[in-house]
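For the protein sequence lines, the chains are A and B, in the order given.
FYI, the numbering for the first sequence is 67 to 477, going by the numbering used here.
FYI, the numbering for the second sequence is 67 to 477, going by the numbering used here.
For glycine and all other residues, C-beta sits at the position ideal for the given N, C-alpha and C.
Being a predicted model, the structure only gives us computed values, none of them experimental.
Number of protein chains: 2
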Amino acid sequence: MTVRVQKYGGTSVGSPERLRAVAARIKAVRDGGEPVVAVVSAMGPTTDQLITLARQVSRDPSDRELDSLLSTGEQVSVALLAMALQDLGCDAVSLTGGQVGIHTDDRHRKARVLEVSPDRVRAELDQGRVVLVAGFQGVNEAGDVTTLGRGGSDTTAVALAAALGAGSCEIFTDVDGIFTADPRVVPGARKLDAVGYEEVLEMASLGAQVMQLQSVEYARRYGVTIHVRSSFHNQPGTIIQEASQVPNPQVITGVSYDPKVALITMAGVPDRPGVAYQVFSALAKNGINVDMITGQMPQATITNMSFTVHEDDLERAVALVEREADYLGAGGVSYDREVAKVSVVGSGIASHAGVAANMFGALADAGVNIELITCSEIKISCIVRQSLGPSAARAVHRRFRLQEAGKSAVS
Amino acid sequence: MTVRVQKYGGTSVGSPERLRAVAARIKAVRDGGEPVVAVVSAMGPTTDQLITLARQVSRDPSDRELDSLLSTGEQVSVALLAMALQDLGCDAVSLTGGQVGIHTDDRHRKARVLEVSPDRVRAELDQGRVVLVAGFQGVNEAGDVTTLGRGGSDTTAVALAAALGAGSCEIFTDVDGIFTADPRVVPGARKLDAVGYEEVLEMASLGAQVMQLQSVEYARRYGVTIHVRSSFHNQPGTIIQEASQVPNPQVITGVSYDPKVALITMAGVPDRPGVAYQVFSALAKNGINVDMITGQMPQATITNMSFTVHEDDLERAVALVEREADYLGAGGVSYDREVAKVSVVGSGIASHAGVAANMFGALADAGVNIELITCSEIKISCIVRQSLGPSAARAVHRRFRLQEAGKSAVS
Chain A
67 MTVRVQKYGG TSVGSPERLR AVAARIKAVR DGGEPVVAVV SAMGPTTDQL
117 ITLARQVSRD PSDRELDSLL STGEQVSVAL LAMALQDLGC DAVSLTGGQV
167 GIHTDDRHRK ARVLEVSPDR VRAELDQGRV VLVAGFQGVN EAGDVTTLGR
217 GGSDTTAVAL AAALGAGSCE IFTDVDGIFT ADPRVVPGAR KLDAVGYEEV
267 LEMASLGAQV MQLQSVEYAR RYGVTIHVRS SFHNQPGTII QEASQVPNPQ
317 VITGVSYDPK VALITMAGVP DRPGVAYQVF SALAKNGINV DMITGQMPQA
367 TITNMSFTVH EDDLERAVAL VEREADYLGA GGVSYDREVA KVSVVGSGIA
417 SHAGVAANMF GALADAGVNI ELITCSEIKI SCIVRQSLGP SAARAVHRRF
467 RLQEAGKSAV S
Chain B
67 MTVRVQKYGG TSVGSPERLR AVAARIKAVR DGGEPVVAVV SAMGPTTDQL
117 ITLARQVSRD PSDRELDSLL STGEQVSVAL LAMALQDLGC DAVSLTGGQV
167 GIHTDDRHRK ARVLEVSPDR VRAELDQGRV VLVAGFQGVN EAGDVTTLGR
217 GGSDTTAVAL AAALGAGSCE IFTDVDGIFT ADPRVVPGAR KLDAVGYEEV
267 LEMASLGAQV MQLQSVEYAR RYGVTIHVRS SFHNQPGTII QEASQVPNPQ
317 VITGVSYDPK VALITMAGVP DRPGVAYQVF SALAKNGINV DMITGQMPQA
367 TITNMSFTVH EDDLERAVAL VEREADYLGA GGVSYDREVA KVSVVGSGIA
417 SHAGVAANMF GALADAGVNI ELITCSEIKI SCIVRQSLGP SAARAVHRRF
467 RLQEAGKSAV S
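Given below as structure tokens:
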């Protein structure tokens, strides 16, 4: 029989009462005859509390020890959930990431899953037990605990679903599903019934905090369908699947808004081969992700180059870029924190020429100046003043009629 | 070079400040050139907090899941201590009980150490690292976490000292060492410089909360000398070693006092072979430890039998004994919670006839009636009214002049 793989987020298990509610929900599925594997996150604010403790004993805690420390949060919630299920008369066992065979590389704090060997999970399921899995964690070759990055429990669930041949997994969370935009920014945002992997990946990479990137990549690679839904009621949420399988696909899926970006500009860059490589490889070597990049280099021999980084990386990035600018004999480095990124995402963008024009029109009508533009097959992103960001996102959302089901408009 | 094995108790690592103080103490040893392995308990009240959480989700949490839950307390403190050491520029690594190769049987919550395979510890020491070990925990054959009972971190330290050939280990705690009596009960109690394993075992089993029994047994078996000392200053504490090695040995080592006992009496027991076996095997099968036992069976065919149990076990014990009494046709079962046990412990008791008489004399002079007596080679225990217990302990302590160094008097 197919295994039902579920994942419960930190808010869903945030108190003893909620743990008991989750236990009751799992028991109902088990009582229906389906084997259940449930992946669980740390209770509510546990992870942040542990990080606070770490900072009280060390100015710069090592990643290996942070992984050891943080992984205890999930071990606590999963053991408590096992107890709650046993208290309801439902046989259950809790297992750590290592025990369920989540083998990762050894990049602590952002490890990637290499292999899943779920023999122990299968053995426990064969005993008729509900298997509760500590999310977010694995073990490297040395047997040390690694963690999969924030939201890594989603990856645990997807990886287990793939390894167990479950075909799908349910991600229970504190929101109703994936929306056309963040409802806190765009009040008219609408819940999507279904959406393709690529679009979710773009929305996540653009700052929409719906799902962890790695988990969606993993799901796409192994063909695992994800159902993102609320743990507080029984309404269906959003299905993440192959774009080709999404019923009634729309040109535009949603609008994402990310205020946590910063813009860096290098002026007077000598326009010769290898310059961009030198700057961006220095950033990459230091683990700094660069997002949007534009260079204006028409006929000039001296040019400007702008790009964005996460605002948390700004100081380190500026220091590195200044060193490279010195070395290259560039004019100077400036930066701007007060920017935000507004993007439209949709699998139909490449095949519908009007999308970019429509987006720029919406921003112009809203009186929003565009400071930087980048495009891909399925997204268009604009950097705007941060103070205008939310109204820019609302204007774009309205222009594409995303508040109305089945009505995304490209005219 | 010989490894220095240390253990720090929960109070010693009870706050970020104390963790940093412990880190500084460990670093000082390491800077002196000695390899260090430090076993660490959970921070302060962590274990109790976790037990409270468990009771909020389950009326009767399973031992396996409690072990998974409770073992996280030590993982947290050991990771934090590693960070604190690294912050002081001292290379350190934290390891779980499983990672340091503490293999146990699978009696969850009171597992016994079967074998220690410290390959990983040796490898880390060879790298010049301080090795920080999560105490109190091991793994069973299935790879599940087990715990060694309250105070189990002491056993972890002793077992590692034995496996690493360290010969000794230091137990840092919040008291100055082992005393002739509990100073809260007997104000004149004196710290012992050295004491034999057997005497500590007796004192511990008689209710003195100095060291976990299993750890002292393990130390005796493997010839590991234990130094119990304060983590708050640098004064020497108490050395636990072979009685034959204790300098200037005394007839009486100390007086212990335990108010947490209850007395059960079975009246009108038919005096035939196998009766005691039947009663006490029923208790043993249910995990209830029986301490003092006396039966009066001179020429009579009907007799009384009295024994003590831990007061937490009283209700279950009475229920079991009542069932057996019914079956045996005994007269009835009565019990008494308001009793306490006062004991003298000393390796010289067997060879000094006057000890018992002296003890009874001290109690008589203090107006304390003795309700039950048991003796062994190295202890004499008396059950008295609980309300008179502390003054009884003080009277006995005074009679043997235990407040004066090298003066234990048997006259």
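For residue i: DSSP bridge partner residues
i	result
B/V203	With the sequence shown as reference, residue 203 of chain B is identified as Gln, and Val is not the correct amino acid for it. Answer is B/T213, bridged to B/Q203.
A/G398	A/A333
A/Q307	A/G262
B/I292	B/C235, B/I306
A/L198	A/A104, A/S160
A/T360	A/S372
B/I446	B/V410, B/C441
B/A328	B/V375
Cross-chain neighbours of residue i in chain B, by beta carbon under 7 Å
i	result
A/D153	V123, S124, R125
A/Q165	G209
A/M149	A120, V123, S124, P127, S128, E131
Which of helix, strand or coil DSSP assigns to residue i
i	result
B/H22	In the structure displayed, chain B extends from 67 to 477; residue 22 of chain B sits before or after that span and is not available.
B/R186	helix
B/Q115	helix
A/Q452	helix
B/I92	helix
B/L468	coil
B/S78	coil
A/S297	coil
B/V166	coil
B/A177	coil
B/V375	strand
B/V321	strand
A/A247	coil
B/V241	coil
A/A255	coil
A/S477	In this predicted model, A/S477 has a pLDDT of only 43, less than 50, meaning its place in the structure is not dependable enough to derive any value.
B/R389	helix
A/R338	coil
A/V434	coil
B/V384	helix
Residue range of the unbroken alpha helix (DSSP H) whose run includes residue i
i	result
B/S134	129-153
B/S124	That residue, B/S124, is in no alpha helix (DSSP H); it is neither H nor E in DSSP.
B/T221	218-229
B/S413	B/S413 -> no alpha helix (DSSP H), and no H or E assigned at all.
B/F346	341-351
B/V282	279-288
Extent of the continuous beta strand (DSSP E) run through residue i
i	result
B/V421	Looking at the DSSP string, B/V421 is not in any beta strand (DSSP E); the run it does join, the alpha helix (DSSP H), is 420-431.
B/K73	70-74
B/L438	438-442
B/L161	158-161
Within chain B, partners of residue i - CB distance below 8 Å
i	result
A/L119	P82, V142, L146
Contacts that residue i makes with chain A (C-beta to C-beta distance below 7 Å)
i	result
B/F86	Per the sequence presented here, residue 86 of chain B reads as Arg, with Phe not at that position. Residues of chain A passing the Cβ test: V123.
B/S183	Neighbours of B/S183 on chain A: none; closest Cβ ~13 Å, over 7 Å.
B/T138	T138, Q141, V142
B/L135	V142, A145, L146
B/S219	Ordered by position in chain A, no residue passes the 7 Å Cβ test against B/S219, which lies about 17 Å from the chain.
Proximal residues of chain B, C-beta to C-beta of residue i below 9 Å
i	result
A/S160	R130, E131, S134, L135
Original post:
Do three or more CB pairs link the region 218-232 of chain B to the region 149-159 of chain B at distances below 8 Å?
Top reply: no
Subject >> the region 440-454 of chain B contacting the region 232-242 of chain B, beta-carbon criterion three pairs below 8 Å >> reply: no
Subject >> Validate contact between the region 403-413 of chain A and the region 262-272 of chain A using beta carbons, cut 8 Å, 3 pairs >> reply: yes
**OP:** Specify whether the region 124-135 of chain A and the region 92-107 of chain A touch according to this definition: at least 3 beta carbon pairs, one from each stretch, less than 8 Å apart.
**Re:** no
Original post:
Counting pairs of beta carbons, one from the region 324-342 of chain B and one from the region 411-420 of chain B, are three or more of them closer than 8 Å?
Top reply: no
Subject >> Three-pair Cβ contact test at 8 Å for the region 346-362 of chain A versus the region 417-433 of chain A >> reply: no
Original post:
Within the chosen definition, does the region 100-119 of chain B reach the region 192-204 of chain B through at least 3 CB pairs nearer than 8 Å?
Top reply: yes
**OP:** Determine contact between the region 84-99 of chain A and the region 115-123 of chain A, defined as no fewer than three beta-carbon pairs at a distance below 8 Å.
**Re:** no
Original post:
Contact between the region 304-312 of chain A and the region 392-401 of chain A: three or more CB pairs below 8 Å?
Top reply: no
**OP:** Answer yes if the region 253-265 of chain B comes into contact with the region 449-469 of chain B, meaning at least three C-beta pairs across the two stretches below 8 Å, and no otherwise.
**Re:** yes
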